[in-house]
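All remarks here apply to the structure that follows.
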Amino acid sequence: MPVIESEFLLALRATDPKHKAALDAFRRFPDIEVCSAAFLEIAWLLRSKGKRPGEISLALSLLRGELETQGVEEIPLTASQIARAHDILTRHAMTFFDALILANAEESSDKRMISNDASFDATHTVQRVMLK
Amino acid sequence: MCAQFMSISRIRPRYVVTLPRSVRKRRKVKVGDNLVWLPLSENEFLTVVLPSDRYKVLDDIMGDVQLTPEAKLAAEESYFAKADKKVTH
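Line by line, the protein sequences give chains A and B.
Quick note: my numbering has the first sequence finishing at residue 132, numbered continuously throughout.
Quick note: my numbering has the second sequence finishing at residue 1089, numbered continuously throughout.
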């Protein structure tokens, strides 16, 4: 079960350059999982753009609804993953949310991640599948 | 919240529900539109009607969001700066 992160969630926007690739991925991988931490990152990306809580709630609900419709399972964020994220941050240069997403993805069943972001290669604990 | 009218729908087999005529007249909903269900409590939902192209709606809300290292850092700084502050209305 490959996992998806924030890049994939943003690719669900109609005019995103990777939109078609994201929809294709739903067909290519029938058993995708999503990192809960990615929703947290999207929420804060939206907040940093000055979006209102109502808009953020709607965006996250739409994303969650879309993934649920596609049969995507969510990997819940746990306390041990938050601790692991900080462990990653002590050894590797990456953002807090990326570390959180990586710790979250390490809990996936086959430890593959659909992402074009090379920063997730830092720990060599997750194998990346390109979103293309 | 506007509660000037009330309509009841029965949940039929396979959880099919018909939107009451009064609701359809009040808001020009079309076949193919999306309903987003936001759970409020065990038996309460807020239902939002969205046009059929839900990906376009995501575009409208998230169109200016970038996933660059700079944007990620800005989001992170915003997170730590605002995490303990209440949202003001």
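C-beta: ideal position from N, C-alpha, C; glycine also.
A quick note: this is a predicted structure, and the numbers were derived from the prediction, not measured.
TODO: Please compile the residues from chain A whose C-beta is within a distance smaller than 7 Å of the C-beta of residue 1057/B.
DONE: Here the question's residue 1057/B lines up with position 57 in the second sequence. Ordered by position in chain A, the residues that pass the 7 Å Cβ test against residue 1057/B are 62.
Open item on the list: Considering only DSSP beta bridges, list what residue 3/A is partnered with.
Closed with: Taking the first sequence and counting its residues from 1, one reaches residue 3/A at position 3. According to DSSP, which records beta bridges pairwise, residue 3/A is partnered with 33/A, 113/A.
TODO: Take the Cβ of residue 104/A as the centre, count every other Cβ of all protein chains shown within 10 Å, and call the residue buried at 16 or more, exposed below.
DONE: Residue 104/A sits at position 104 when you count from the first residue of the first sequence. Buried.
- [ ] Can you give me the Cβ contacts of residue 18/A inside the same chain, cut-off strictly under 7 Å, excluding the 5 residues immediately before and after it?
- [x] For this step, residue 18/A is matched to residue 18 along the first sequence. Only 11, 131 meet the Cβ criterion.
Task: Proximal residues, the region 1066 to 1078 of chain B versus chain A, C-beta separation under 9 Å - done: 1066, 1067, 1069, 1071, 1072, 1073, 1074, 1075, 1076, 1077, 1078
Task: Per-residue contacts from residue 1082/B into chain A (C-beta, under 8 Å) - done: Taking the second sequence and counting its residues from 1, one reaches residue 1082/B at position 82. Per Cβ cutoff of 8 Å: 47.
Task: Cross-chain neighbours of residue 1053/B in chain A, by beta carbon under 8 Å - done: For this step, residue 1053/B is matched to residue 53 along the second sequence. Within 8 Å Cβ-Cβ: 14.
TODO: Can you give me the Cβ contacts of residue 76/A inside the same chain, cut-off strictly under 6 Å, excluding the 5 residues immediately before and after it?
DONE: Residue numbering aside, residue 76/A sits at position 76 when the first sequence is read from its first letter. Only 36 meet the Cβ criterion.
TODO: Identify which residue in 1014/B, 1030/B, 1052/B has its Cα closest to the Cα of residue 1021/B.
DONE: The residue given as residue 1021/B occupies position 21 in the second sequence. Here the closest residue by C-alpha is 1030/B.
Task: Within the region 13 to 83 of chain A, ranges of the alpha helix (DSSP H) (whole runs, at least 4 residues) - done: 19 to 28, 36 to 48, 53 to 69
TODO: Using alpha carbons as the reference points, say which of 1062/B, 1059/B, 1026/B lies closest to residue 1049/B.
DONE: For the purposes of this step, residue 1049/B is taken as the residue at position 49 of the second sequence. Of 1062/B, 1059/B, 1026/B, the residue nearest in Cα terms is 1026/B.
TODO: Measuring only between beta-carbons, confirm whether residue 96/A sits less than 7 Å from chain B.
DONE: Here residue 96/A refers to the residue found at position 96 of the first sequence. Yes - at least one Cβ of chain B is within 7 Å of the one on residue 96/A.
Open item on the list: I'd like the list of long-range same chain contacts for residue 70/A, defined as Cβ closer than 6 Å, with 5 residues on each side in sequence excluded.
Closed with: On the first sequence, position 70 is the one that residue 70/A refers to. Taken in chain order, the residues that qualify are 26.
Task: Interface partners of residue 1048/B on chain A, CB under 7 Å - done: Position 48 of the second sequence, counting from 1, holds the residue named residue 1048/B. Neighbours of residue 1048/B on chain A, chain order: 58.
Task: Bounding residues of the beta strand (DSSP E) (the contiguous stretch that carries residue 1034/B) - done: Counting from one through the second sequence, the residue named residue 1034/B turns up at place 34. Residues 1034 to 1041.
TODO: Rounded to whole angstroms, what's the CA-CA distance from residue 78/A to residue 1069/B? Just pull it up for me.
DONE: Working through the first sequence from its first residue, we reach residue 78/A at position 78. Working through the second sequence from its first residue, we reach residue 1069/B at position 69. Rounded to the nearest angstrom, the two C-alpha atoms are 25 Å apart.
Task: Strand pairing of residue 127/A, partner residues [DSSP] - done: Numbered from 1 along the first sequence, position 127 holds the residue referred to as residue 127/A. 112/A, per the DSSP bridge assignment.
Task: Whole-angstrom distance between residue 38/A and residue 113/A, CA atom to CA atom - done: Residue 113/A sits at position 113 when you count from the first residue of the first sequence. Residue 38/A sits at position 38 when you count from the first residue of the first sequence. In a straight line, the C-alpha of residue 113/A is about 12 Å away from that of residue 38/A.
Open item on the list: Please report the straight-line C-alpha distance between residue 1043/B and residue 1037/B, rounded to a whole angstrom.
Closed with: Here residue 1043/B is taken as the residue at index 43 of the second sequence, counted from 1. Here residue 1037/B is taken as the residue at index 37 of the second sequence, counted from 1. Straight-line Cα distance between these residues: approximately 12 Å.
Open item on the list: Could you check whether residue 48/A and residue 1074/B sit closer than 7 Å to each other, using their CB atoms as the reference points?
Closed with: Along the second sequence, read from residue 1 onward, the residue named residue 1074/B stands at position 74. Along the first sequence, read from residue 1 onward, the residue named residue 48/A stands at position 48. In this structure, residue 48/A lies closer than 7 Å to residue 1074/B by Cβ.
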